[in-house]
Ligand SMILES: Cc1cc2nc3c(=O)[nH]c(=O)nc-3n(C[C@H](O)[C@H](O)[C@H](O)COP(=O)(O)O)c2cc1C
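Written out as structure tokens, the structure is:
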């Protein structure tokens, strides 16, 4: 248990970044020529088989899901962080949005080639999934909403329709073994793995 913190110990700041530690996902979407784009993302949450993605409308991913309402939510494990970082400053969008060009982004169509990741056919959707990612969730896009406060950002509601999991992290047929699954965490723009297990909720079935 952590010691009680006195109020005088707490400061007010205006953090430049609020990415407070969420799993990285690699979203695959269908380009206009039926090839597959990969977009690294960290804004997502899952409830049941619904997954909501937080996305910039300036991305190729957004353009692709507006045209073709399917995607694969691929979850890399922590060992894949360098593969993710190889495509961090790339976009499949052409022309490159000017603000991204100023940030040093470059156009790249073949993000599989650059990242060293392997495309593999999906079962129920057209975008390829990523073989090296231990969890690959095929999904249909159900709804796209602009954020009220920042309309250039969108919340993309998806419904997962098929889940592929590497055998070595499966527990008793239909569970993911949390002691074997090691998500890649995006922690204030630094990549982390998980630490040791601390305990489990009373609702855990494993
Ligand atoms: C680890 C990581 C996490 C990111 N998270 C998000 C995110 O949650 N939402 C988003 O719109 N962009 C996110 N980005 C930025 C996109 O990956 C970037 O805009 C990229 O150009 C998108 O590719 P695309 O334009 O080909 O779709 C993230 C980048 C990295 C490296």
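Numbering (the working numbering), first residue to last: 47 to 252. In this text, a Cβ means the ideal position worked out from N, Cα and C, and glycines have one as well. Bear in mind that the values here come from a model prediction, so they are computed numbers and not experimental data.
- The shortest C-alpha to C-alpha distance from residue 114 to any of 99, 185, 216 and 60 is the one to 185.
- Within the same chain, Cβ atoms closer than 7 Å to the Cβ of residue 211 are found at 180, 181 and 222, the five residues on either side in sequence being excluded.
- Within the DSSP secondary-structure output, residue 116 pairs in a beta bridge with 186.
- Residue environment for residue 108: buried (at least 16 other C-beta atoms within 10 angstroms of its C-beta).
- Contact annotation: residue 217 and residue 252 have beta-carbon atoms nearer than 7 Å.
- Secondary structure of residue 126 (DSSP, three-state): helix.
- Taking 6 Å as the cut-off, the C-beta of residue 101 counts as close to a heavy atom of ligand 1.
- Under a 10 Å Cβ-count criterion, residue 65 is classified as exposed, with fewer than 16 other Cβ atoms of the shown protein chains found around its own Cβ.
- Cα atoms of residue 77 and residue 129: separation of roughly 21 Å, rounded to the nearest angstrom.
- Sequence-distant Cβ neighbours of residue 189 in its own chain, meaning closer than 6 Å and more than five residues away, are 203.
- Our two residues, residue 183 and residue 220, have alpha carbons roughly 14 Å apart in a direct line.
- Ranked by Cα distance from residue 138, the options 172, 213, 75 and 92 are led by 75.
- Under the Cβ criterion (8 Å, minimum of three pairs), the segment 80-99 counts as touching the segment 52-71.
- Annotated three-state conformation of residue 107 is helix, per DSSP.
- DSSP places residue 78 outside both helix and strand once states are collapsed to three, so it counts as coil.
- Note that the C-beta distance between residue 151 and residue 163 is not below 7 Å.
- Secondary-structure assignment with DSSP links residue 91 through a beta bridge to 98.
- Counting the other CB atoms within 10 Å of its CB gives residue 147 a total below 16, which places it among the exposed residues.
- Distance from the C-beta of residue 66 to the nearest heavy atom of ligand 1 is not below 6 Å.
- In this structure, 224 is the residue among 249, 247, 224 and 248 with its C-alpha nearest to the C-alpha of residue 239.
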